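Asker:
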Amino acid sequence: LNNIAKRYENSWIFKNINCHFEEGKTYALIGNNGSGKSTLLRCIAAMHSINKGSIDYVISNKKFEPEKFYKQYSFSAPGMEIIEEMTLNEFLQFHFKLKPTLPNYNIEDIIKFIGLEQYKDTIIRNFSSGMKQRVKLAQALFSNVPYVLLDEPCTNLDQHGFDLYDKLIEETKGNRTIIIASNDPRE
Numbered sequence: 008l009n010n011i012a013k014r015y016e017n018s019w020i021f022k023n024i025n026c027h028f029e030e031g032k033t034y035a036l037i038g039n040n041g042s043g044k045s046t047l048l049r050c051i052a053a054m055h056s057i058n059k060g061s062i063d064y065v066i067s068n069k070k071f072e073p074e075k076f077y078k079q080y081s082f083s084a085p086g087m088e089i090i091e092e093m094t095l096n097e098f099l100q101f102h103f104k105l106k107p108t109l110p111n112y113n114i115e116d117i118i119k120f121i122g123l124e125q126y127k128d129t130i131i132r133n134f135s136s137g138m139k140q141r142v143k144l145a146q147a148l149f150s151n152v153p154y155v156l157l158d159e160p161c162t163n164l165d166q167h168g169f170d171l172y173d174k175l176i177e178e179t180k181g182n183r184t185i186i187i188a189s190n191d192p193r194e
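Mapping to this note's numbering: the sequence shown position 80 is 87, numbers consecutive.
1. Could you work out which residue in P110, L123, E30 and G60 is closest to L95 when comparing CA atoms only?
2. Is the closest heavy atom of the ligand ADP to the C-beta of H55 under 8 Å?
3. Please name the residue or residues paired with A188 in a DSSP beta bridge.
4. Can you list, in chain order, the residues of its chain whose CB lies under 6 Å from that of A84, leaving out five sequence neighbours each side?
5. Spell out the partners DSSP gives K70 in its beta bridges.
6. For N151, tell me which candidate among S135, S136, V142 and T179 has the shortest Cα-Cα distance.
7. If you draw a straight line from the C-alpha of D63 to the C-alpha of K174, how long is it?
8. Using the three-state DSSP reduction, which class does Y112 fall into: helix, strand or coil?
9. Thinking A24 and L48 are a contact (beta carbons under 8 Å), I'd like their distance in whole angstroms, please.
10. In three-state terms, what does DSSP make of K199?
So this is what it looks like as structure tokens:
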């Protein structure tokens, strides 16, 4: 991030952000609600444009244009839509055709890991908010990409879900760069 800034209308969300994310490291963007964490994460993902500065997308010495970077990361956020008309199994089958799973994992393994094996043929619309959050985390963390971007990853999770999140991070981290935006230091 090279001196980036973002504003909406006349209000600056953040200014003069400089940061280098090293490959294989985990980073946390911590701040209060409304401090710009989610906006910054979406700017990093090239989902939002920046008003000043520039972002260099370089992975293993290969430069990517911002519009091509989406293939290099997975993303999860509480407000992110998932296809609720599909069953859990159908949704994950669909998602992992777009971004393959990490090596040595299949859909069945992933569903079991997130503790939803009895719901694999259930329409996602019928899931609780915590179950939907597990699905969002699974599609992000089990995608075989070098960057994982997580916005408020434990939103809607109970203590069991929070413990599962810790296991998911540990299980899937590998040598990937993970950037987490949260107002909860535990995440």
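Heads up, the beta-carbon is just placed ideally off N, CA and C, and yes, glycines get one too. As the structure is a computational prediction, the values presented were derived from the model and not from experiment.
Answerer: By the coordinates alone:
1. L123
2. Although the ligand ADP was asked about, the structure shown includes no ligands whatsoever.
3. L36 and D158
4. D158
5. V65
6. T179
7. 31 Å
8. coil
9. Checking the displayed sequence, the identity of residue 24 turns out to be Ile instead of Ala. Not quite, the Cβ-Cβ distance comes to about 12 Å (not below 8 Å), so this is no contact.
10. Because residue 199 is not part of the residues shown, which for the chain are 8 to 194, the question remains open.
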